[in-house]
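Here is the structure we will look at, set down as structure tokens.
2 protein chains.
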Amino acid sequence: MANKYVTVTAPVNIATLKYWGKRDRFLNLPTNSSISVTLSQDDLKTTTSVCYSKNFESDALYLNGNEESLSSPRQQSCLKLLRKCRIEKEEQDPSLDKIASLPLHIVSVNNFPTAAGLASSAAGYAAMVYSIAKLYQLDLDRSELSKIARQGSGSACRSLYGGFVAWEMGSLDNGSDSKAVQIAPRAHWPGIRAAILVVSAAKKEVPSTGGMQLTVKTSDLFDYRVKQVVPARYEEMKKAILAKDFGVFAELTMKDSNSFHAVCLDSYPPIFYMNDTSKRIVKVITTINEAYGRNVAAYTFDAGPNAVIYYEEKDEDIVLGTLHEFFGSVPGWAKKSGKSFSVPRKFPIEKFDHDVFSKGVSRVILTSVGEGPTLVPESILNPDTGLPKL
Amino acid sequence: MANKYVTVTAPVNIATLKYWGKRDRFLNLPTNSSISVTLSQDDLKTTTSVCYSKNFESDALYLNGNEESLSSPRQQSCLKLLRKCRIEKEEQDPSLDKIASLPLHIVSVNNFPTAAGLASSAAGYAAMVYSIAKLYQLDLDRSELSKIARQGSGSACRSLYGGFVAWEMGSLDNGSDSKAVQIAPRAHWPGIRAAILVVSAAKKEVPSTGGMQLTVKTSDLFDYRVKQVVPARYEEMKKAILAKDFGVFAELTMKDSNSFHAVCLDSYPPIFYMNDTSKRIVKVITTINEAYGRNVAAYTFDAGPNAVIYYEEKDEDIVLGTLHEFFGSVPGWAKKSGKSFSVPRKFPIEKFDHDVFSKGVSRVILTSVGEGPTLVPESILNPDTGLPKL
């Protein structure tokens, strides 16, 4: 029996309606539904090759070239669920190779810094689940796979789809209705762009699972957010995406980022993910929108200080012209090397202290809405040894 | 008829249950009741002398040596209400001098920076209202005077009393039941200390009236805060003060500061008053409390980045020992010049990057719970000229 392997790439997603709070922390069941935009794999992706072999001693994971533990309960949940599906398949069709119990080697690389608040765990779990599902030739659609990825990392479930994705919270205790669905594919609204302003590449101070638990337990405002504020916003945001109404989409995105960070601050002790640089970015975006009398851009912040700025392609000159004025000296502009940027006419640049406002950002990543996990031919794993290719 | 004059001093108060949101912005009627501690006038006070004279051309205000306008609707409301009370008094007792319509000169000085987020308007309006009431010999108690001061600046009403003060929001449209009452005098719990860490003496970015209006209008969480969260906390905090239960008082104080800044952040566009220095101070206080397994200190932040740290006298060595370690080089420690500070044994100082955590604070003010407005003999106004004494 030859070693079999597959390679997939999977995307990062950045929520526009935030997931914050678990109603079941073992199954990663959320306290509210959420919405995200899947970002282009041209700029941010995890590539994962997997193979099985009876010659391997045990399951193994190599992340960015280093062997890492596969023993966490979250990783084990995903592996167990995928093997269970393969076992059922083998039982139904005795002609299939018996591979479910063979050791797996997983080799994974990110083309961006791990754990810098760039949702690397989402892309990582999506890639792992999707690749093993392909290796095992499972007949599960992306929503079904999203339930498995969810148990690895909640927000990973949304990385199973491209375009605009909802994570329906579900209501069942066993989590079988808590899954990702596609609101619209990339092609529905391909003009959506994202500029990521990397504020700090340091590890997070408060990991998100612990932060969520603290908020659920201690914030007096949290319950109202998840029961009253988010459900209405969820429906409005889906509508805005379907209608390609950027003004409304942007407003809801910014409001939900604010609301999420508000309940973090309302935790006891309070959790702060945004820093002074983040706040200056909010001021810049707010000023662009005021200057143009419409929402040209929307900021959103996850569990860290990095900003993600969504905008439409048609407004690129306004948005990137402004951001380049402040952050033009940091890496990340190479893909626009033919372009000359200038501060948009209406932006009141004279009101900003350039030295102060250009501080704190270390890198920009210019990207756009993208596709979901994809099979690719090039393996990053040597199928004979099960080790990463050099 | 001789010129008559009186001089009073009035204190600053710092809310432990925050006032944020007006239900009537002309009458300064709040959306929730609030609680504050009045701070000692030894450290922070406004001194105001007032006199009337038929020789003066018109009403005039001299603030910190400079003539300032008295034409704002808020100033005019206070003057009008006080004159109305005097007129009624003169009508009831024809033997009284007819002074209600004579021009007033008001000379006022603060012993601390104006508009640095140190509640200078509260002390200022309390001093103005109390001094004119004394000049006019009005038979109004402090609660009645607090309703007049409230129309100048909402939180000023709480500066009419010493000790621990509640501002009862009231329910009437004309505001006649929205007034300050004393929960307990200074002597009830004289061991309460406050360390103010002045983070920035710059003028506020978002003035509080505008900030409140924005929060009321746009925050989705605000309504829940004022209707559900604050009313319960108000009762608990009054109980904690009466029971001198510092642990509970501290927890409620910190939670309400968090909650207030959370609804600011939930505004659209968001309002940020705390900065990175403020957050580091939160971390230091939280760490002290964790190290001792009880609430040794409580932070609270108003509409600006300055921190006010409440603690009990018995814990001074712990609290000031820690704060001195980080901020010992800034002005404000002179009153403790005989004392040698050291980091308290249980504080994990090794976990803090001293260079980072000692940044951003420009001054400390060490103070304590204090008394309300007081008549003093020394005038700061020359009664012959109506001008400030040099």
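From first to last, the protein sequence lines stand for chains A and B. No gaps in the numbering here: position 300 of the first sequence is 299 in numbering that gives the first Met the number 0, and each next residue is one more. No gaps in the numbering here: position 308 of the second sequence is 307 in numbering that gives the first Met the number 0, and each next residue is one more. All residues carry an ideal CB built from backbone N, CA and C; glycine is no exception. Owing to the predicted nature of the structure, the values given are computational and were not obtained by experimental measurement.
Taking Cβ to Cβ, would you say residue i is nearer than 8 Å to residue j?
i: lysine 254/B; j: isoleucine 34/B; result: no
i: methionine 211/A; j: glycine 359/A; result: no
i: isoleucine 308/B; j: glutamate 324/B; result: no
i: threonine 252/B; j: threonine 37/B; result: no
i: isoleucine 364/B; j: valine 197/B; result: yes
i: leucine 134/A; j: valine 5/A; result: yes
i: tyrosine 129/B; j: leucine 144/B; result: yes
i: lysine 97/B; j: glutamate 87/B; result: no
i: leucine 101/A; j: tyrosine 51/A; result: yes
i: threonine 30/A; j: arginine 22/A; result: yes
i: valine 106/B; j: threonine 45/B; result: no
i: glutamate 311/B; j: isoleucine 191/B; result: yes
i: isoleucine 270/B; j: valine 318/B; result: no
i: valine 108/A; j: isoleucine 284/A; result: no
i: leucine 103/B; j: valine 49/B; result: yes
i: leucine 80/A; j: threonine 366/A; result: no
i: glutamine 40/A; j: glycine 331/A; result: no
i: valine 329/B; j: serine 361/B; result: yes
i: lysine 83/A; j: serine 142/A; result: no
i: proline 10/A; j: serine 158/A; result: yes
i: glycine 385/B; j: phenylalanine 55/B; result: yes
Excluding the 5 residues preceding and the 5 following residue i in the sequence, name in chain order all residues of the same chain whose CB lies nearer than 7 Å to its CB.
i: valine 228/B; result: Ser258
i: glutamine 91/B; result: none
i: valine 342/A; result: Gly320, Thr321, Glu324, Ile348
i: isoleucine 280/A; result: Leu196, Tyr298, Ala306
i: lysine 345/A; result: Ala290, Tyr291
i: tyrosine 272/B; result: His260, Cys263, Phe300, Ala302, Gly303, Pro304
i: lysine 3/B; result: Cys50, Tyr51, Leu134
List, in order along the chain, the chain A residues whose C-beta lies closer than 8 Å to that of residue i?
i: threonine 47/B; result: Those do not exist, as threonine 47/B stays about 37 Å from chain A at its closest Cβ, beyond 8 Å.
i: tyrosine 51/B; result: Neighbours of tyrosine 51/B on chain A: none; closest Cβ ~45 Å, over 8 Å.
i: alanine 258/B; result: The sequence as given places serine at residue 258/B; alanine does not occur at that position. Correct list: Asp219, Leu220, Asp265.
i: valine 472/B; result: Here chain B comprises residues numbered 0 to 389, so residue 472/B is not present and cannot be evaluated.
Would you say residue i reaches chain B, if we count a Cβ-Cβ gap shorter than 8 Å as a contact?
i: leucine 355/A; result: Here residue 355/A is valine; the residue named in the question, leucine, does not match the sequence. Answer no: the Cβ-Cβ gap between valine 355/A and chain B never drops below 8 Å.
i: methionine 253/A; result: yes
i: isoleucine 147/A; result: no
i: tyrosine 18/A; result: no
i: valine 281/A; result: yes
i: asparagine 274/A; result: yes
i: tyrosine 291/A; result: no
i: alanine 114/A; result: Note on alanine 114/A: pLDDT 47, under 50, position unreliable in the model; no value is reported.
In chain A, what lies closer than 9 Å to residue i by C-beta?
i: valine 262/B; result: Leu220, Ala261, Asp265
Using a Cβ-Cβ distance under 8 Å, would residue i count as near chain A?
i: tyrosine 129/B; result: no
Using the beta-carbon of each residue, which ones in chain A are nearer than 7 Å to residue i?
i: threonine 285/B; result: Pro268
i: phenylalanine 271/B; result: Lys278
For residue i, collect the residues of the same chain with a Cβ closer than 8 Å to its Cβ; drop the 5 residues on either side in sequence, then sort them by chain order.
i: asparagine 381/B; result: Pro387, Lys388
i: leucine 374/A; result: Val5, Thr6, Val7, Lys133
i: serine 170/A; result: Asp176
i: glycine 327/A; result: Phe340
i: glutamine 75/A; result: Leu69
i: leucine 78/B; result: Asp58, Leu69, Leu103, Ile131
What does residue i touch in chain B if you count any residue whose Cβ is under 7 Å from its own?
i: tyrosine 223/A; result: Leu220, Tyr223
Below 6 Å CB to CB, which residues in the same chain sit around residue i once its five sequence neighbours on both sides are set aside?
i: serine 207/A; result: Ala302
i: valine 247/B; result: Ala239
i: arginine 73/A; result: Gly151
i: valine 188/B; result: According to the sequence provided, residue 188/B is tryptophan. The question's valine does not apply to it. Excluding positions up to five away in sequence, the list reads Lys243.
Count Cβ pairs between the segment 215-229 of chain B and the segment 283-292 of chain B that sit closer than 8 Å; are there 3 or more? no
Counting Cβ pairs closer than 8 Å, one from the segment 149-165 of chain A and one from the segment 180-188 of chain A, do we hit at least three? yes
At least 3 beta-carbon pairs within less than 8 Å: the segment 120-133 of chain B vs the segment 144-157 of chain B: yes
So, does the segment 256-270 of chain B touch the segment 263-271 of chain A, judging by three or more C-beta pairs under 8 Å? yes
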